[in-house]
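Enquirer: The structure's right below; bear with me while I get my questions together.
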Amino acid sequence: MPRLIIPVSAEDHRRGPDDSPVQLVEYGDFECPYCAAAHPLVQRLLQKFPEMLFVYRHFPLSEIHPLALPAAYAAEAADRQGKFWEMHDMLFENHDRLSEDAFFAFAETLDLDMAAFEEDINDPSVAERVQEQFIGGVRSGVNGTPTFFINGQRYNGPLNERILESTLHELAPI
Amino acid sequence: MNAARPSPTGSDQDRGQDKGLTAGQNAPDFSLKTTPDQRVSLKEFRGQPVILTFYPADWSPVCSDEMALFNQVLPEFKKHRAMLLGISVDNVWCHIAFAKDRNLHFPLLSDFHPKGEVSSLYDAYNENEGVSERALFLIDEQGVIRWNYVAPIGINPGADGVLQALEEMHAATTAR
Numbered sequence: 000m001p002r003l004i005i006p007v008s009a010e011d012h013r014r015g016p017d018d019s020p021v022q023l024v025e026y027g028d029f030e031c032p033y034c035a036a037a038h039p040l041v042q043r044l045l046q047k048f049p050e051m052l053f054v055y056r057h058f059p060l061s062e063i064h065p066l067a068l069p070a071a072y073a074a075e076a077a078d079r080q081g082k083f084w085e086m087h088d089m090l091f092e093n094h095d096r097l098s099e100d101a102f103f104a105f106a107e108t109l110d111l112d113m114a115a116f117e118e119d120i121n122d123p124s125v126a127e128r129v130q131e132q133f134i135g136g137v138r139s140g141v142n143g144t145p146t147f148f149i150n151g152q153r154y155n156g157p158l159n160e161r162i163l164e165s166t167l168h169e170l171a172p173i
Numbered sequence: 000m001n002a003a004r005p006s007p008t009g010s011d012q013d014r015g016q017d018k019g020l021t022a023g024q025n026a027p028d029f030s031l032k033t034t035p036d037q038r039v040s041l042k043e044f045r046g047q048p049v050i051l052t053f054y055p056a057d058w059s060p061v062c063s064d065e066m067a068l069f070n071q072v073l074p075e076f077k078k079h080r081a082m083l084l085g086i087s088v089d090n091v092w093c094h095i096a097f098a099k100d101r102n103l104h105f106p107l108l109s110d111f112h113p114k115g116e117v118s119s120l121y122d123a124y125n126e127n128e129g130v131s132e133r134a135l136f137l138i139d140e141q142g143v144i145r146w147n148y149v150a151p152i153g154i155n156p157g158a159d160g161v162l163q164a165l166e167e168m169h170a171a172t173t174a175r
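Listed in order, the protein sequences are those of chains Z and S.
Start counting the first sequence at 0; every next residue gets the next number (numbering that gives the first Met the number 0).
Start counting the second sequence at 0; every next residue gets the next number (numbering that gives the first Met the number 0).
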């Protein structure tokens with residue numbers, strides 16, 4: 000039943016070759032501790048499978064995580080200056096000290112144009128994009144954060160590196 | 000978070016369990032406590048769609064919590080005037096604390112005494128564990144079940160199935 004209903008496209012935040020036979024999509028929430036815990040695991044998978052395409056999409060549980068939306072907007076604003084992944088990594092690596100002030104500090108560390116950054120985090124089209132990704136996730140069967148889809152099919156297993164590795168190996172033996 | 004299973008992406012897991020009252024059957028009426036002195040009956044909502052979401056227990060970790068997810072999706076259900084009711088065997092005080100903690104905007108009903116009676120009525124009770132299954136039912140304005148799903152053990156069903164069923168039901172109604 001749960002399959003990715005919005006295919007990966009040029010609109011997505013992507014890391015890796017676009018024509019990869021192995022696509023790993025994560026729906027995440029920057030304030031979610033499980034997503035923060037999964038971040039180093041994903042980093043290691045990216046190193047082990049350089050031919051894999053990794054995609055990150057927003058799934059902010061804003062009712063329970065008040066910083067989830069602001070963090071997602073910060074990432075999108077950074078994206079407008081070509082630094083989505085840097086901001087994404089910084090948000091997860093600093094999971095224990097997220098705040099609105101911290102997002103601005105991260106932007107400064109990334110050498111972003113601060114006036115543009117501030118304008119972009121408040122841009123309604125950024126909020127729309129995040130909401131679209133959230134709804135797309137709902138319709139694809141995202142059932143918590145993080146939820147992973149491997150080649151379009153929802154992954155229901157544990158966030159265990161060995162198991163994920165062997166699942167990915169089946170699809171792209173190296 | 001989710002139970003460890005041998006084939007993590009296997010579609011056999013997504014088919015769900017062969018349980019639960021099915022489409023076409025009348026949804027049995029019930030009256031359950033939502034607070035120490037308030038009860039909610041299914042028949043109160045005749046005239047609007049109702050989504051029943053049975054779940055094992057309050058207080059599962061928030062990021063994998065079905066109630067937190069449904070709470071986040073609530074605006075989509077409201078577009079179709081659907082009423083969302085959560086049901087578990089927890090008692091009312093537990094529900095009240097949980098709903099407050101998770102900022103829930105829909106009622107939680109207590110299938111506490113007799114334990115699991117309403118869950119059993121819907122064939123959505125896990126006798127081994129003594130908790131409700133992770134089961135979803137979509138009931139139409141006339142009180143008839145139009146869609147159901149009982150998730151495999153340990154896997155949250157997500158909101159895609161019930162949302163799609165609700166939209167299809169609504170489209171069929173407006174087409175007439």
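Ideal Cβ placement from N, Cα and C applies to all residues, glycine included.
Note that the coordinates shown come from a computational prediction; the quantities given were computed from them, not determined experimentally.
#1: Check whether chain S comes within 8 Å of residue 5 of chain Z, counting only Cβ atoms and requiring the distance to be less than that.
#2: Between residue 73 of chain Z and residue 91 of chain Z, is the Cβ-Cβ spacing less than 8 Å?
#3: Tell me whether the beta-carbon of residue 162 of chain S lies closer than 8 Å to the beta-carbon of residue 138 of chain Z.
#4: Going by CA-CA distance only, name the one from S:96, S:93 and S:66 that's closest to residue 84 of chain S.
#5: Look at the Cβ atom of residue 55 of chain S, then the Cβ atom of residue 121 of chain S, and state whether they are nearer than 8 Å.
#6: Step through the CB atoms of chain S and report whether any lies within less than 8 Å of the CB of residue 33 of chain Z.
#7: Does the pairing of the stretch 69-87 of chain S with the stretch 153-162 of chain S give three or more beta-carbon distances under 8 Å?
#8: Counting Cβ pairs, one atom from each stretch, are 3 or more of them under 8 Å apart for the stretch 38-46 of chain Z and the stretch 118-138 of chain Z?
#9: Answer with buried or exposed for residue 46 of chain S, where buried requires no fewer than 16 other C-beta atoms within 10 angstroms of its C-beta.
#10: With a threshold of 8 Å between beta-carbons, can residue 156 of chain S be considered close to chain Z, or not?
#11: Classify residue 130 of chain S as buried or exposed, calling it buried when 16 or more other Cβ atoms lie within 10 Å of its own Cβ.
#12: Only counting the same chain, and skipping five residues up and downstream in sequence, which positions put a Cβ closer than 8 Å to that of residue 69 of chain Z?
#13: Could you tell me if residue 82 of chain Z is buried or exposed, where buried requires 16 or more neighbouring beta carbons within 10 angstroms of its beta carbon?
#14: Ignore the nearest five residues each way along the sequence and tell me which others in residue 11 of chain S's own chain have a CB closer than 6 Å to its CB.
#15: Using DSSP's beta-bridge definition, name the partner residues of residue 153 of chain Z.
#16: Please confirm if the stretch 143-158 of chain Z is in contact with the stretch 0-9 of chain Z, defined as three or more CB-CB distances below 8 Å between the two stretches.
#17: Is there at least one Cβ from chain Z nearer than 8 Å to residue 109 of chain S's Cβ?
#18: Just the Cα atoms here: how many angstroms apart are residue 31 of chain Z and residue 40 of chain S?
#19: Between residue 150 of chain S and residue 73 of chain S, what straight-line distance do the alpha-carbon atoms span, to the nearest angstrom?
#20: Let me know the secondary structure DSSP gives residue 1 of chain S once reduced to three states.
#21: For residue 51 of chain S, go through chain Z and note every residue whose CB falls closer than 8 Å to its CB, in chain order.
#22: Using beta carbons (cut-off 8 Å, strictly below), is residue 63 of chain S in contact with chain Z?
#23: Identify the contact partners of residue 159 of chain S in chain Z, using a Cβ-Cβ distance below 7 Å as the criterion.
#24: Whose C-beta lies closer than 7 Å to the C-beta of residue 200 of chain S among residues of the same chain, with five residues either side of it excluded?
#25: In chain S, which residues lie less than 8 Å from residue 60 of chain Z when you measure between Cβ atoms?
#26: List the residues of chain Z whose Cβ lies closer than 9 Å to the Cβ of residue 101 of chain S, in chain order.
#27: Using only the alpha-carbon positions, how far apart do residue 48 of chain S and residue 143 of chain S sit?
Expert: Here's the rundown:
#1: Position 6 of the first sequence, counted from the first residue, corresponds to residue 5 of chain Z. Chain S contact via Cβ: absent.
#2: Your numbering for residue 73 of chain Z matches position 74 in the first sequence. Your numbering for residue 91 of chain Z matches position 92 in the first sequence. Taking 8 Å as the Cβ cut-off, residue 73 of chain Z and residue 91 of chain Z do not qualify as a contacting pair.
#3: To locate residue 162 of chain S, count along the second sequence from 1; it is residue 163. To locate residue 138 of chain Z, count along the first sequence from 1; it is residue 139. Contact: yes.
#4: Mapped onto the second sequence, residue 84 of chain S falls at position 85. Residue 84 of chain S has its Cα closest to that of S:66, out of S:96, S:93 and S:66.
#5: Counting from 1 along the second sequence, the entry for residue 55 of chain S is found at position 56. Counting from 1 along the second sequence, the entry for residue 121 of chain S is found at position 122. Their beta carbons are not under 8 Å apart, which means residue 55 of chain S does not touch residue 121 of chain S by this criterion.
#6: Stepping through the first sequence from its first residue, residue 33 of chain Z is reached at position 34. Yes, its Cβ sits closer than 8 Å to a Cβ of chain S.
#7: yes
#8: no
#9: Looking up residue 46 of chain S in the second sequence gives position 47. With fewer than 16 Cβ atoms within 10 Å of its Cβ, residue 46 of chain S is classed as exposed.
#10: If you number the second sequence from 1, residue 156 of chain S lands on position 157. For residue 156 of chain S, the answer is yes, since a Cβ of chain Z falls inside 8 Å of its Cβ.
#11: Position 131 of the second sequence, counting from 1, holds the residue named residue 130 of chain S. Buried, since its Cβ has 16 or more Cβ neighbours within 10 Å.
#12: Working through the first sequence from its first residue, we reach residue 69 of chain Z at position 70. Once the five neighbours on either side are set aside, the close Cβ partners of residue 69 of chain Z are 99, 102 and 120.
#13: The residue given as residue 82 of chain Z occupies position 83 in the first sequence. It is buried - the Cβ of residue 82 of chain Z has at least 16 other Cβ atoms within 10 Å.
#14: As a first step, residue 11 of chain S must be located in the second sequence, where it is residue number 12. The predicted model places residue 11 of chain S with a pLDDT of 47, which falls under 50 and marks its position as unreliable; any figure quoted below should be read in that light. Around residue 11 of chain S: no qualifying Cβ.
#15: Translated into the one-based positions of the first sequence, residue 153 of chain Z becomes position 154. Residue 153 of chain Z is bridged to Z:148.
#16: Contact between the stretch 143-158 of chain Z and the stretch 0-9 of chain Z is present: 3 or more CB-CB pairs across the two stretches fall below 8 Å.
#17: Start at 1 with the first residue of the second sequence, and residue 109 of chain S comes out as number 110. It does not; no Cβ of chain Z falls within 8 Å.
#18: As a working note, residue 31 of chain Z is residue 32 in the first sequence. As a working note, residue 40 of chain S is residue 41 in the second sequence. When rounded, the distance between both Cα atoms is 35 Å.
#19: Your numbering for residue 150 of chain S matches position 151 in the second sequence. Your numbering for residue 73 of chain S matches position 74 in the second sequence. About 20 Å.
#20: Position 2 of the second sequence, counting from 1, holds the residue named residue 1 of chain S. Confidence at residue 1 of chain S is low in this model, with a pLDDT of 41, below 50, so its placement is unreliable and the value that follows should be read with caution. Of the three classes helix, strand and coil, the one that applies to residue 1 of chain S here is coil, per DSSP.
#21: Within the second sequence, the letter at position 52 stands for residue 51 of chain S. Near residue 51 of chain S there are no residues of chain Z at all, since even the closest Cβ is about 17 Å away, more than 8 Å.
#22: As a first step, residue 63 of chain S must be located in the second sequence, where it is residue number 64. Yes, its Cβ sits closer than 8 Å to a Cβ of chain Z.
#23: To locate residue 159 of chain S, count along the second sequence from 1; it is residue 160. The answer, in chain order, is 1, 137, 138, 139 and 140.
#24: Absent from the structure is residue 200 of chain S, since the part of chain S shown begins at 0 and ends at 175.
#25: If you number the first sequence from 1, residue 60 of chain Z lands on position 61. Near residue 60 of chain Z (Cβ distances below 8 Å), the residues of chain S are 61, 62, 67, 68 and 71.
#26: Position 102 of the second sequence, counted from the start, is the residue given in the question as residue 101 of chain S. Those are 62 and 63, listed as they occur along chain Z.
#27: On the second sequence, position 49 is the one that residue 48 of chain S refers to. On the second sequence, position 144 is the one that residue 143 of chain S refers to. C-alpha separation (whole angstroms): 9 Å.
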